[in-house]
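K.L.:
Would you mind keeping the following structure in view while I ask a few things?
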Amino acid sequence: MSELHYLHDPLCGWCWAAAPLIQAARELLPVRAHGGGLFMDDGRRTMGAEWRAYVLPHDQRIAQLSGQPFGAAYQNGLLNDTTAWLDSEPPIAAVLAADRLAGRGLDLLASIQRAHYVDGRQVAQADVLRDLAQALGLDGEAFARELAACSGDTTRAHVADTRALMRRLGGRGFPTLALAQGEPWQLIDVGPFLGRVDDWRRWLQAQLAG
């Protein structure tokens with residue numbers, strides 16, 4: 001059976017750029033998410049003026065290429081908030097929890113990305129993640145229990161597996177996409193498809209038909 005493997009980070013701007021491609025792919029075949037931990041351990045950092053100055057030109061380029069929105073609450077609120085942390089571990093744990101609870105990991109990932117980049121919410125906070133899960137129709141208490149179970153060692157093992165897969169595939173960062181239709185898996189360059197969802201859908205359909 002064909003399957004698309006999606007190596008991502010919830011706080012990766014280029015993964016936000018690719019989000020419409022992932023949604024379109026899900027209409028055609030199973031997609032499996034692998035969280036990579038871009039901002040973990042020594043990579044964790046707070047927001048603030050320095051980070052905002054660094055990231056805004058990248059966000060502008062992402063918006064130009066992909067058409068993905070960046071909200072004022074993110075650009076002028078969250079990015080200036082020195083109490084807000086860029087921390088990939090909690091949202092990755094949340095995606096794992098939603099997957100275990102109801103097979104809704106990718107749905108929650110999409111909600112997390114929009115909450116971060118459009119609504120300017122602090123998606124490293126457990127209460128925000130619970131709110132997003134409940135908005136998808138998941139039971140809040142059950143999600144909170146699953147989030148706690150998936151945090152820590154479970155998430156770290158998942159991230160380690162993702163990084164090993166990245167090395168095996170020869171991926172160069174996030175997002176990395178690979179189409180599994182037997183061996184070897186086909187590494188996909190998504191760059192040319194950013195902002196071109198219809199072209200992506202046609203290309204993917206051709207791969208599945210061939």
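For reference, each letter of the sequence shown is one residue, going 1 to 210 in the UniProt record's numbering. Built from N, CA and C at the ideal position, the CB exists for glycine as well.
1. According to the Cβ coordinates, are F174 and G36 closer than 9 Å?
2. For R100 versus E146, is the C-beta distance shorter than 9 Å?
3. Smallest Cα separation from G48: which of L56, D42 and D41?
4. When burial is assigned at 16 or more other CB atoms within 10 Å of the CB, is Q186 buried or exposed?
5. Can you tell me whether D42 is buried or exposed? The criterion is at least 16 other CB atoms within 10 Å of its CB, across all chains shown.
6. Quick check: does the Cβ of F174 come within less than 8 Å of any heavy atom belonging to the ligand GDP?
7. Using the beta-carbon count (16 or more within 10 Å), is E141 buried or exposed?
8. May I ask you to report which of helix, strand or coil DSSP gives T46?
9. Is T83 helix, strand or coil when you go by DSSP?
10. Let me check understanding here. Comparing Cα to Cα, which of T155, R172 and P184 lies closest to residue 224?
11. What residues are listed by DSSP as bridge partners for P31?
12. Would Y74 and D107 be called neighbours here (beta carbons separated by less than 9 Å)?
13. Any idea what DSSP makes of A180, helix, strand or coil?
14. Whose C-beta lies closer than 7 Å to the C-beta of L129 among residues of the same chain, with five residues either side of it excluded?
15. Who pairs with I188 in a beta bridge, going by DSSP?
P.N.:
Once the coordinates are examined:
1. As a first step, residue 174 must be located in the sequence shown, where it is residue number 174. As a first step, residue 36 must be located in the sequence shown, where it is residue number 36. The answer is yes: Cβ separation under 9 Å.
2. Indexing the sequence shown from 1 puts residue 100 at position 100. Indexing the sequence shown from 1 puts residue 146 at position 146. Against a cut-off of 9 Å, the Cβ pair of E146 and R100 comes out as a contact.
3. As a working mapping, residue 48 is identified with position 48 in the sequence shown. Per the Cα distances, L56.
4. Taking the first residue of the sequence shown as 1, we reach residue 186 at position 186. Exposed, because fewer than 16 other Cβ atoms sit within 10 Å of the Cβ of Q186.
5. Here residue 42 refers to the residue found at position 42 of the sequence shown. Exposed, because fewer than 16 other Cβ atoms sit within 10 Å of the Cβ of D42.
6. As far as ligands go, the structure on display features none, and thus does not contain the ligand GDP.
7. By one-based count along the sequence shown, residue 141 stands at place 141. E141 comes out exposed.
8. What you label residue 46 is simply residue 46 of the sequence shown in a count that begins at 1. Residue state, collapsed to three classes: strand.
9. Stepping through the sequence shown from its first residue, residue 83 is reached at position 83. In this structure, T83 counts as coil in the three-state DSSP scheme.
10. Examination of residue 224 is not possible in this model, given that the chain is present from 1 through 210 alone.
11. Position 31 of the sequence shown, counted from the start, is the residue given in the question as residue 31. The question names Pro, but residue 31 is Val in the sequence shown. Paired residues: L4.
12. The sequence position of residue 74 within the sequence shown is 74, counting from 1. The sequence position of residue 107 within the sequence shown is 107, counting from 1. Their beta carbons are not under 9 Å apart, which means Y74 does not touch D107 by this criterion.
13. Numbered from 1 along the sequence shown, position 180 holds the residue referred to as residue 180. It is a strand residue.
14. Taking the sequence shown and counting its residues from 1, the one referred to as residue 129 is at position 129. Beyond the five residues adjoining it in sequence on each side, L129 comes within less than 7 Å, by CB distance, of P90, P91, A94, V123 and L147 in the same chain, given in chain order.
15. As a working mapping, residue 188 is identified with position 188 in the sequence shown. Residue pairing by DSSP puts I188 in a beta bridge opposite L177.
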